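Residue numbers (my numbering), protein chains in the order written: chain H, 1 to 662; chain F, 1001 to 1214. Positions of the beta carbon are idealized from the N, C-alpha and C atoms, including for glycine. It should be emphasised that the depicted structure is a prediction, and the values quoted were computed from it without experimental measurement.
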């Protein structure tokens, strides 16, 4: 029953774009049907998840033979996949509603139907990835997901989009290659492609599988330095696609790492350590790069990198707890990581959708050209603010709960053998938190506060309901989790408890998350904070209403202020970015201002993509120089090609017929 | 009966070497035609009882391999007005030696490949088929003219056809007919194309047909 519903949901997702293909290019009907199917699929999936959580905590599974050689059609739902499935059933349907207004079929007659098709397949393939329990099926779904994401992200055809799409395609295929190796190794070590617990896995094989999983899934999740594809692809994709990619698709990488790690026996300490270190590096680098960006969607993309880093740190803590034999670390690490998966899956789509609304209204993604939009687009500004508060992990929104659980986990690990690791992670998390606040103060003040710069925001106004409703729904979700984290904690806790080794300790040693992390206090503190803000707002409003006079926002005592006198987002970020200049390799040309009446001067800055420019591009160029040597093989002579065929035939005959070992 | 089949297969093997060592294209066409006729005969001999499908298959093989295809090729050879020599990449004698080595290797290889189907069949079927396939490959690789490559393809197909006789019970008649039809259409098309390429570029040397390699 549960699986039938899930399959129905996946089918509805995957087929949602089909009707639009048969309708006229300028008819909105297909797009509406796609959105309807997406919403229906999402509802079906959520009902299935509800049934699964309420009725059968251990989940449902199905294994059937299918025509693919070596492998079976094995699917299952367990608490871990439920966590990710919930996101898949919530965010893409909301995004498709958003797409009705954002990517109007009449305006985008050429790409609309194609985008809807790829978008639906992307959502369906992600759900399939989350339930697949067979290596072959997993890889098929994974590749479908990667390709659908490519076609969805490159809907807007242009040179920059095309370049970003290529980089994404290369990165995702390198990752998939690692996964091929991983599953081949898995089959060799366990004897089957089935993704079942493998307690007898030899340690060397397990280590190799873990490293391959970390790299292969790390490409998708965007662990530094494997994140090269991420900013470009997110920035150039349509906003609801960026929202799904960032909010959900990156998490499939996290899911893959967690899934593979949960199947293998007792992890050695270096697994958790590596994951934590990778997470810390990813988090700090991600947020520093985010501050340096000038493009609003690139800021959000790098901030996704940062959040994946936080999730990876939590997962690393769980693995560490697993190898140290401390269930409470597993619970805290996994609860924090999985809750953050949800949180990021809600607030990052909210922010991307908000950025899309800003782009639609102003026609630019450059923060330097925006400003003062809070007055023209109050609803979008308020929703974006909610998302920003959430992503900065400030109460009363949802980011706070997950990061708090992670802090508790890191502090709990201090007494153990790995205290240095845990302490570093805690410091890194604190650093990330502070920088995230700076980053979102910068972007929010640059885009929404102050005065408009240039005329890009002149005709901006709040968008229609199809854009605002999904954003409001996401903001409500953020607020709900932020105010009452204990509501959804059971689902997260169930997933954490299903981890091998986490549920073992019972009786006296049983660890109570409620005691370690009194989430009830978060609700109370959040409500108190809201009440306090409301009081303050009312008080200032009463005081102001007596003598309200319209003034430009940034007066500063000048007689004739102009919008160009405002602090720009770059100048705001420069102070922080300067601290990390060795890491960031500044490309700013600074001009010093001399004399009392300095002449005109210019400052140019280009935010670098360090990993892409310094690592990936030279590597690619080296490969590009090497590969032409293989042209020796391609001579265009039929005879030569036939000779290759003959040689291969003889080798195969020798291997197959005579048993010559390769 | 088995002895007769084996004797015919030996003739086929000898014809292979002839095809490698002949310089006139028209002679090679004739050799391949004789090979096709022998194959039809072998098909008949392989069966204890001659049913309609078997007879049909044998007649079709003889008709297509020994009469229609050679006729088409001779026609296209005339129409193309090319020099009627083979122009090998590897000389005639080395080609024959290579072919002999391939035949010997095939015989040796089959001895170590003693499976059930092999044991029951006339002893030369598998080595003859492998040797013929290899010889077909050698012709394909070492000849430059498009038309002699077609001949290599035909020899290759003859090798596959010999192997198919082992499975004559398993492979339905329809499949075999389909294979023959494929072959016929393939040769027909290549002959026409050769003609046209010759008219357009005044050369049929496949060494020159490399500009589309990328």
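{"Item": "Taking contact to mean 3 or more Cβ pairs, one atom from each stretch, closer than 8 Å, check whether the region 300-307 of chain H and the region 260-269 of chain H are in contact.", "Value": "no"}
{"Item": "How big is the Cα-Cα spacing for residue 361(H) and residue 240(H)?", "Value": "15 Å"}
{"Item": "Run through chain F and tell me which residues come within less than 9 Å of residue 642(H), C-beta to C-beta.", "Value": "1137, 1140, 1141, 1149, 1152"}
{"Item": "Assess contact between the region 276-290 of chain H and the region 407-427 of chain H, defined as three or more Cβ pairs (one per stretch) separated by less than 8 Å. Is contact present?", "Value": "yes"}
{"Item": "For residue 290(H), which residues of its own chain have a beta-carbon under 7 Å away from its beta-carbon, when the five flanking residues on both sides are left out?", "Value": "299, 302, 303, 306, 439"}
{"Item": "To the nearest angstrom, how far is the alpha carbon of residue 142(H) from that of residue 633(H)?", "Value": "32 Å"}
{"Item": "Is the beta carbon of residue 287(H) sitting closer than 8 Å to the one on residue 436(H)?", "Value": "yes"}
{"Item": "Are there 16 or more other CB atoms within 10 angstroms of the CB of residue 594(H), so buried, or fewer, so exposed?", "Value": "exposed"}
{"Item": "Reducing DSSP to helix, strand and coil, say where residue 77(H) ends up.", "Value": "strand"}
{"Item": "Which of helix, strand or coil does DSSP assign to residue 16(H)?", "Value": "coil"}
{"Item": "Ignore the nearest five residues each way along the sequence and tell me which others in residue 572(H)'s own chain have a CB closer than 6 Å to its CB.", "Value": "442"}
{"Item": "Touching or not, the region 234-250 of chain H and the region 145-159 of chain H, by the rule of three or more beta carbon pairs under 8 Å?", "Value": "yes"}
{"Item": "Would you verify that the beta carbon of residue 1089(F) is, or is not, closer than 8 Å to some beta carbon of chain H?", "Value": "yes"}
{"Item": "Leaving aside the five residues before and after residue 356(H) along the sequence, list all residues of the same chain whose C-beta is less than 6 Å from its C-beta, in chain order.", "Value": "102, 239"}
{"Item": "Over the uninterrupted beta strand (DSSP E) stretch that includes residue 60(H), give me the two end residues.", "Value": "60-64"}
{"Item": "Within 10 angstroms of its Cβ, does residue 78(H) collect 16 or more other Cβ (buried), or is it exposed?", "Value": "buried"}
{"Item": "Could you please give me the residues that DSSP links to residue 366(H) through a beta bridge?", "Value": "295(H)"}
{"Item": "Can you tell me the Cβ-Cβ gap for residue 1013(F) and residue 1128(F), rounded? I've got them flagged as a contact below 8 Å.", "Value": "6 Å"}
{"Item": "Hey, could you find the ends of the alpha helix (DSSP H) residue 142(H) is sitting in?", "Value": "135-153"}
{"Item": "Determine, using beta carbons only, whether residue 1184(F) comes closer than 8 Å to chain H.", "Value": "no"}
{"Item": "Can you check DSSP and say which residues form a bridge with residue 541(H)?", "Value": "DSSP output for residue 541(H) lists no bridge partner at all."}
{"Item": "Can you tell me whether residue 562(H) is buried or exposed? The criterion is at least 16 other CB atoms within 10 Å of its CB, across all chains shown.", "Value": "exposed"}
{"Item": "Does any residue of chain H have a CB that is nearer than 8 Å to the CB of residue 1188(F)?", "Value": "no"}
{"Item": "Using 8 Å as the threshold, is the region 162-179 of chain H in touch with the region 194-208 of chain H, meaning 3 or more CB pairs across them?", "Value": "no"}
{"Item": "Determine whether the beta carbon atoms of residue 34(H) and residue 20(H) lie at a separation below 8 Å.", "Value": "yes"}
{"Item": "For the region 1098-1110 of chain F, which residues have a CB atom closer than 7 Å to at least one CB atom of chain H, in sequence order?", "Value": "1109"}
{"Item": "Work out the CA separation of residue 472(H) and residue 94(H) for me, nearest whole Å.", "Value": "10 Å"}
{"Item": "Under DSSP, the alpha helix (DSSP H) around residue 251(H) begins and ends at which residues?", "Value": "250-263"}
{"Item": "Mark residue 652(H) as exposed unless 16 or more other C-beta atoms lie within 10 angstroms of its C-beta, in which case mark it buried.", "Value": "exposed"}
{"Item": "Which one of 1184(F), 1107(F), 1177(F) has the shortest CA to CA distance from residue 1065(F)?", "Value": "1184(F)"}
{"Item": "Ordered along the chain, which non-local residues of its own chain (more than five positions away) have a Cβ less than 7 Å from that of residue 363(H)?", "Value": "456"}
{"Item": "Taking 8 Å as the threshold (beta carbon to beta carbon), is residue 1017(F) in contact with chain H?", "Value": "no"}
{"Item": "My understanding is that residue 665(H) touches residue 336(H), with C-beta atoms under 8 Å, so please give their C-beta distance in whole angstroms.", "Value": "Summary: the structure shown does not reach residue 665(H), with chain H confined to residues 1 through 662, and so no result is reported for it."}
{"Item": "Among 310(H), 445(H), 24(H), 168(H), which one has its Cα closest to the Cα of residue 148(H)?", "Value": "168(H)"}
{"Item": "So residue 377(H) and residue 462(H) are supposed to be a Cβ contact under 8 Å. How far apart are they, rounded?", "Value": "5 Å"}
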